[in-house]
Amino acid sequence: MFGRAPKKSDSTRYYEILGVSKNASQDDLKKAYKKAAIKNHPDKGGDPEKAFVIDLGLDFLEILSCVGLERACGGVRRGMGDLCFSFGNSRGSSRGRRQRRGEDVVHPLKVSLEDLYLGTSKKLSLSRNVICSKCTGKGSKSGASMKCAGCQGTGMKVSIRHLGPSMIQQMQHPCNECKGTGETINDRDRCPQCKGEKVVQEKKVLEVIVEKGMQNGQKITFPGEADEAPDTITGDIVFVLQQKEHPKFRRKGEDLFVEHTLSLTEALCGFQFVLTHLDGRQLLIKSNPGEVVKPDSYKAINDEGMPMYQRPFMKGKLYIHFTVEFPDSLNPDQVKALEAVLPAKPSSQLTDMELDECEETTLHDVNMEEETRRKQQQQAQEAYDEDDDMPGGAQRVQCAQQ
């Protein structure tokens, strides 16, 4: 927002660009604007300065048609973006004037799975800009400011990029001399507290409440606690939860998952073990009498998962994924003992005649990842060899070597 009343010379320049008198009617102004816009368009090699003024949009025609530009009020809105030029009293409000909103400040906040299960609070010290109390955000002792000479008070500069023959690109960016404010302050008149910056740094401690059941990536917002700036609606400070990986538990929504390995004896004859939960409770996990646990199977415990967000007395499930560890080998006595108690093997039902008609084979251990990689390499080599065997293949190789 720029609060300066354009000088009389500015208004005269606007009328000169359009090629009309100050007494022109609204219809005449609109017609002249359309002609000037086409004539001064950068793509047609027009005057960049005139194109910038015309690019302010049709709204400024209403200002030109008022009795004297100095008495005009209201916002001139650019054709693109949200930049709003405000003509009128530099410190007073003007019709159509809009405050821009400051940017939000986003901070990641690392939390453990225990923090999300139990809930916690964390106090964080942050630095931010606040309006200078000594000059109330004016930047000067007297409250006066001057129009920036670098951007003529607009706060923006236009640069031209040549993209090629008869092709240029017009770009607009904030003025680096006034940092987009459109005004400068005399060195002798600068506020001794903020040095003309209009803001000073302040340290503030925020207490972030992490509620039970919150999710990874969930946001906790502190409205209006970001950096302050004159004529700007202060943005928010936003904390984004980032859950650290847990060595035992894995979370999926409101459920928890844990891996547990059983020996073959435990899988067949029963098991029990103690699981320490996220809140420190000791859970006794055991199988039912006579139950056999198969490899890659799951068991669930109700109401031992994650608490539900804003409904902490309700919880999801705790799933246990069982892996069964088999012995590497068995001695003959162990084999006989197992055969005596386990169901008969299907292969033992074959007759001697059927066995004589079969060809005996040998099983080998296989690493499937290495096996897949080997096959891929083999296929790539075969494809390369086929390419060399094609007519003209040798010629292509020879050309590549040259």
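Residue numbering for the sequence shown follows the UniProt record's numbering, beginning at 1 and increasing consecutively. The C-beta atom is built at its ideal place from N, Cα and C for all residues, glycine as well. None of the values given here were measured: they were computed from a predicted structure.
Run through DSSP, which three-state label would residue i get?
{"i": "Val-335", "result": "helix"}
{"i": "Thr-323", "result": "strand"}
{"i": "Met-146", "result": "strand"}
{"i": "Thr-232", "result": "strand"}
{"i": "Gln-310", "result": "coil"}
{"i": "Val-341", "result": "helix"}
{"i": "Asp-279", "result": "coil"}
{"i": "Leu-163", "result": "strand"}
{"i": "Tyr-384", "result": "helix"}
{"i": "Lys-317", "result": "coil"}
{"i": "Asp-255", "result": "strand"}
{"i": "Glu-369", "result": "helix"}
{"i": "Met-18", "result": "Just to set this straight, residue 18 is Leu in the shown sequence, not Met. Note: Leu-18 maps to helix in three-state DSSP."}
{"i": "Gln-29", "result": "Checking the sequence, you will find Leu at residue 29 rather than Gln. Helix, per DSSP."}
{"i": "Lys-179", "result": "coil"}
{"i": "residue 411", "result": "Residue coverage of the chain in this structure runs from 1 to 402, which leaves residue 411 outside it and unanswerable."}
{"i": "Lys-122", "result": "strand"}
{"i": "Gln-99", "result": "coil"}
{"i": "Lys-34", "result": "helix"}
{"i": "Lys-39", "result": "helix"}
{"i": "Gln-272", "result": "strand"}
{"i": "Lys-157", "result": "strand"}
{"i": "Lys-375", "result": "helix"}
If we count the other Cβ atoms within 10 Å of its Cβ and call it buried at 16 or more, is residue i buried or exposed?
{"i": "Phe-239", "result": "buried"}
{"i": "Ile-160", "result": "exposed"}
{"i": "Ser-127", "result": "exposed"}
{"i": "Cys-269", "result": "exposed"}
{"i": "Glu-103", "result": "exposed"}
{"i": "Ser-25", "result": "exposed"}
{"i": "Gln-233", "result": "First, the amino acid is wrong: residue 233 is Ile here, not Gln. Ile-233 comes out exposed."}
{"i": "Gln-398", "result": "Model confidence at Gln-398 stands at a pLDDT of 49, short of 50, so the residue's coordinates are unreliable and nothing is read from them."}
{"i": "Ala-380", "result": "exposed"}
{"i": "Tyr-384", "result": "exposed"}
{"i": "Met-167", "result": "exposed"}
{"i": "Ala-344", "result": "exposed"}
{"i": "Cys-148", "result": "buried"}
{"i": "Thr-372", "result": "exposed"}
{"i": "Asn-333", "result": "According to the sequence as given, residue 333 is Asp; it is not Asn. Asp-333 comes out exposed."}
{"i": "Gly-153", "result": "buried"}
{"i": "Leu-363", "result": "exposed"}
{"i": "Cys-358", "result": "exposed"}
So the alpha helix (DSSP H) residue i belongs to, where does it begin and stop?
{"i": "Thr-265", "result": "264-269"}
{"i": "Tyr-117", "result": "113-118"}
{"i": "Leu-355", "result": "352-356"}
Could you name the residues of the same chain whose beta carbon sits closer than 8 Å to that of residue i, not counting the 5 residues immediately before and after it, in chain order?
{"i": "Asn-129", "result": "Val-199, Val-200, Gln-201, Glu-202, Asp-227, Glu-228, Ala-229"}
{"i": "Tyr-298", "result": "Tyr-319, Ile-320, His-321, Phe-322"}
{"i": "residue 404", "result": "With the chain represented from 1 up to 402, any question about residue 404 goes unanswered, as that position is not in the structure."}
{"i": "Ser-21", "result": "Tyr-15"}
{"i": "Ala-267", "result": "Val-292, Val-293, Lys-294, Pro-295, Phe-322, Val-324"}
{"i": "Gly-235", "result": "Arg-101, Gly-102, Glu-103, Asp-104, Val-105, Gly-224, Ala-226, Asp-227"}
Just to confirm, is the Cβ distance from residue i to residue j under 7 Å?
{"i": "Val-210", "j": "Thr-120", "result": "yes"}
{"i": "Leu-241", "j": "Met-214", "result": "yes"}
{"i": "Glu-183", "j": "Gly-150", "result": "no"}
{"i": "Glu-245", "j": "Gly-316", "result": "no"}
{"i": "Ser-125", "j": "Val-205", "result": "yes"}
{"i": "Gln-170", "j": "Leu-163", "result": "no"}
{"i": "Ile-185", "j": "Ser-145", "result": "yes"}
{"i": "Ala-32", "j": "Gly-19", "result": "yes"}
{"i": "Leu-262", "j": "Val-324", "result": "yes"}
{"i": "Gly-155", "j": "Cys-135", "result": "no"}
{"i": "Ile-237", "j": "Phe-249", "result": "no"}
{"i": "Pro-307", "j": "Lys-375", "result": "no"}
{"i": "residue 455", "j": "Val-106", "result": "Within the shown structure, residues of the chain are numbered from 1 to 402, placing residue 455 beyond reach of any answer."}
{"i": "Leu-278", "j": "Glu-114", "result": "yes"}
{"i": "Asp-231", "j": "Gln-99", "result": "yes"}
Going along the chain, which residues of its own chain have a beta-carbon closer than 7 Å to the beta-carbon of residue i, five neighbours each way excluded?
{"i": "Leu-284", "result": "Gln-272, Val-274"}
{"i": "residue 406", "result": "Residue 406 is absent from the structure shown; the chain starts at 1 and stops at 402."}
{"i": "Asn-216", "result": "Leu-241, Gln-242, Gln-243"}
{"i": "Gln-378", "result": "none"}
Taking the beta strand (DSSP E) that residue i belongs to, which residues open and close that run?
{"i": "Val-208", "result": "199-210"}
{"i": "Gln-243", "result": "237-243"}
{"i": "Ile-301", "result": "297-301"}
{"i": "Ile-220", "result": "219-222"}
By Cβ distance, which residues of its chain are closer than 6 Å to residue i, with the 5 residues on each side in sequence left out?
{"i": "Gln-218", "result": "Leu-241"}
{"i": "Met-314", "result": "Met-308"}
{"i": "Lys-123", "result": "Val-205, Glu-207"}
CB of residue i to nearest heavy atom of the ligand GTP: below 6 Å?
{"i": "Gly-213", "result": "The ligand GTP is absent from the structure shown, which contains no ligand whatsoever."}
Give a yes or no on whether 7 Å exceeds the smallest Cβ distance from residue i to chain B.
{"i": "Cys-191", "result": "You won't find chain B in this structure, because it holds only one protein chain."}
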